[in-house]
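Scroll down for the structure; my scribbles are underneath it.
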Amino acid sequence: MEKTKIGKRFIGKVALVTASTQGIGFAIAERIGLEGASVVISSRKQNNVDEAVDKLKAQGIEALGIVCHVSNEQQRKNLIYKTVQKYGKIDVVVSNAAANPSIEPILQTQESVLDKLWEINVKASILLLKEAAPHLKKGSSVILISSIAAFQPQAAMTMYGVTKTALLGLTKALADGMAPDTRVNCVAPGIVPTNFASYITRTPDVRKALEEKTLLNRLGTTEDMAAAVAFLASDDASYITGETLVVAGGMPSRL
Ligand code: NAP
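If you're matching positions, the sequence shown starts at -14 in the numbering used here and goes up one per residue.
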């Protein structure tokens, strides 16, 4: 969508997006920021945070950047503390960080890798929301970022897929646990050519095969994902909670 045609559903809101200095997380922060929110972005590296904040501010977006590796307890606490210190509240949390450190078949995956996948892809979301929960008031919203791989774990990312399947269940559990004040939903992106997915999208033949797996004959864009997240986070979705929205151009997922 052209930036000039974007609505203003988040005026006066504060949105925190993890792993948001590039790719899908950055596009989510940008979209919600263009719709009027103050956005808090974060990732592991200070220079990435600084560059992303500059890009958002250049578009007139109110943005705060904080270093936060999602599996670092102190940095998670600091992220929530600084957000509330500056803006006084949190309306939207998007838990977007994930790792896919291994392409081993599942039974060959080292225990340390299994632990890392669980810790970053699942546990960190729960622990971050534990910190954020006291500040999430009536009408707030949480979005978890899963994956099309949640529905059918692919070779080369099997355990990653399993952690993304866990997020579908976690969405239901959190929706129940955080109701009625906070809605919790999930977006399951299809294939989006970001750095994260470059190991599968950079080879032209593989990319073409992936495009052909969609009904729309193209891969997703970070803006496609951001639009879906913004919808679920907004009051347009005020009667939706505990749901997963697949944004994958019709790639096979579930009925
Ligand atoms: P990306 O473009 O590679 O961006 C990753 C971002 O995360 C960067 O800003 C990076 O910055 C930050 N980051 C990485 N590890 C982090 C950590 N431990 N703690 C905090 N920040 C961290 O990735 P993406 O494709 O947008 O992926 C975002 C989400 O979408 C992930 O949950 C992924 O599983 C999901 N997803 C992606 C696709 C796809 O095809 N791209 C498909 C389905 C689902 P620093 O290096 O500075 O930390």
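Think of the CB as a built atom: it goes at the ideal place given N, C-alpha and C, for glycine as much as any other residue.
Quick caveat: nothing in here was measured; it's all calculated off a predicted structure.
Next on the checklist: Short of 6 Å in beta carbon distance, which residues of its chain neighbour Gly175, apart from the five on each side in sequence? Order them along the chain.
Outcome noted: Ile133, Gly205, Ala233, Gly234 and Met236
Next on the checklist: For Leu217 and Gln93, I'd like the C-alpha separation in whole angstroms.
Outcome noted: 38 Å
Checklist entry - Whose CA, out of Gln70, Leu99 and Gly(-3), lies closest to the CA of Glu20? => result Gly(-3)
Next on the checklist: Judging by CA-CA distance, which residue of Arg168, Ser219 and Asn85 is the nearest neighbour of Gly18?
Outcome noted: Ser219
Item to check | Short CB-CB distance (under 8 Å) between Asp166 and chain D | outcome: In the structure shown, chain D cannot be found, because there is only a single protein chain.
Checklist entry - Smallest Cα separation from Ala141: which of Ile75, Cys53 and Ala182? => result The shortest CA-to-CA distance from Ala141 to any of Ile75, Cys53 and Ala182 is the one to Ala182.
Checklist entry - When DSSP builds the beta bridges, which residues end up paired with Leu121? => result As a beta-bridge residue in DSSP terms, Leu121 pairs with Ile75.
Checklist entry - When you compare only the Cα positions, how much space is there between Arg61 and Thr186? => result For the pair Arg61 and Thr186, the Cα-to-Cα distance works out to about 32 Å.
Checklist entry - Is His54 near ligand 1, judged by its Cβ being under 7 Å from some heavy atom? => result yes
Item to check | For Val24: DSSP bridge partner residues | outcome: When beta bridges are read from the DSSP output, Val24 appears opposite Ala0 and Ala48.
Checklist entry - First and last residue of the beta strand (DSSP E) that includes Pro174? => result First-last of the beta strand (DSSP E) with Pro174: Thr167 to Pro174.
Checklist entry - Going straight from the alpha carbon of Gly162 to that of Val147, what length do you get? => result 22 Å
Item to check | Ile9 and Thr207 closer than 8 Å at C-beta | outcome: yes
Checklist entry - Taking 7 Å as the cut-off, is the CB of Gln7 close to at least one heavy atom of ligand 3? => result Among the ligands in the structure shown, ligand 3 does not appear; only ligand 1 can be found there.
Checklist entry - Is the Cβ-Cβ distance between Arg(-6) and Ala211 less than 8 Å? => result no
Item to check | Which of helix, strand or coil DSSP assigns to Ser126 | outcome: strand
Checklist entry - When we look at the beta-carbon of Ile250 and count the other beta-carbons within 10 Å, is it buried (16 or more) or exposed? => result Since the first residue of the chain shown is -14 and the last is 240, residue 250 is not available in this structure.
Next on the checklist: Measuring only from the beta carbon, is Ala140 closer than 7 Å to any heavy atom that is part of ligand 1?
Outcome noted: no
Checklist entry - Is the stretch 144 to 159 touching the stretch 192 to 204 in the sense that three or more CB pairs, one from each, lie closer than 8 Å? => result no
Checklist entry - Closest by CA to Leu1, which one among Ile105, Ser110 and Asn85? => result Ser110
Checklist entry - Between Val77 and His54, what straight-line distance do the alpha-carbon atoms span, to the nearest angstrom? => result 19 Å
Checklist entry - What do you get for Asn85, buried or exposed, if any count of 16 or more other CB atoms within 10 angstroms of its CB means buried? => result buried
Next on the checklist: Run through the DSSP bridge pairs and tell me what Thr68 is partnered with.
Outcome noted: None; Thr68 has no bridge partner.
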